[in-house]
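Down below is the structure, laid out as structure tokens.
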Amino acid sequence: MRLVRLGDEVGIQANCKTGATVEQVREQVRWTTAEHRPGWLAHFVAEHEGEVVGTVMLMPAGSHAIHGRDGLALCP
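Residue numbering for the sequence shown is 1108 to 1183, as defined by this note's numbering.
See below:
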């Protein structure tokens, strides 16, 4: 397990059950990287032999991410 980073979006889209496009996953990865949202959430990927095979995002209780007019936003 490690923190998500740009470049993981192809593996997330291919190997994790998502209906999102690579571009949508890339937007989420950009939005959830530690540099952009310190202390708001933690987004991790699981790797096996260098390939992303899973992902988990931990957020404060009661919050969720939504698509707003300015992109993704954290909704308490």
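Even for Gly, the Cβ is constructed at its ideal location relative to N, Cα and C.
Are the beta-carbon atoms belonging to residue i and residue j less than 8 Å from one another?
{"i": "Val1129", "j": "Val1111", "result": "no"}
{"i": "Val1136", "j": "Thr1125", "result": "no"}
{"i": "Val1160", "j": "Arg1109", "result": "no"}
With DSSP collapsed to three states, give me the class of residue i.
{"i": "Thr1128", "result": "coil"}
{"i": "Gly1114", "result": "coil"}
{"i": "Thr1140", "result": "coil"}
My understanding is that residue i touches residue j, with C-beta atoms under 8 Å, so please give their C-beta distance in whole angstroms.
{"i": "Thr1140", "j": "Leu1113", "result": "7 Å"}
Given that a residue counts as buried once 16 or more other Cβ atoms are within 10 Å of its Cβ, and exposed if not, what is residue i?
{"i": "Val1163", "result": "exposed"}
{"i": "His1213", "result": "Outside the shown range of the chain, which is 1108 to 1183, sits residue 1213, and nothing can be said about it."}
Give a yes or no on whether 8 Å exceeds the smallest Cβ distance from residue i to chain C.
{"i": "Thr1128", "result": "Here chain C cannot be found, since the structure has a single protein chain."}
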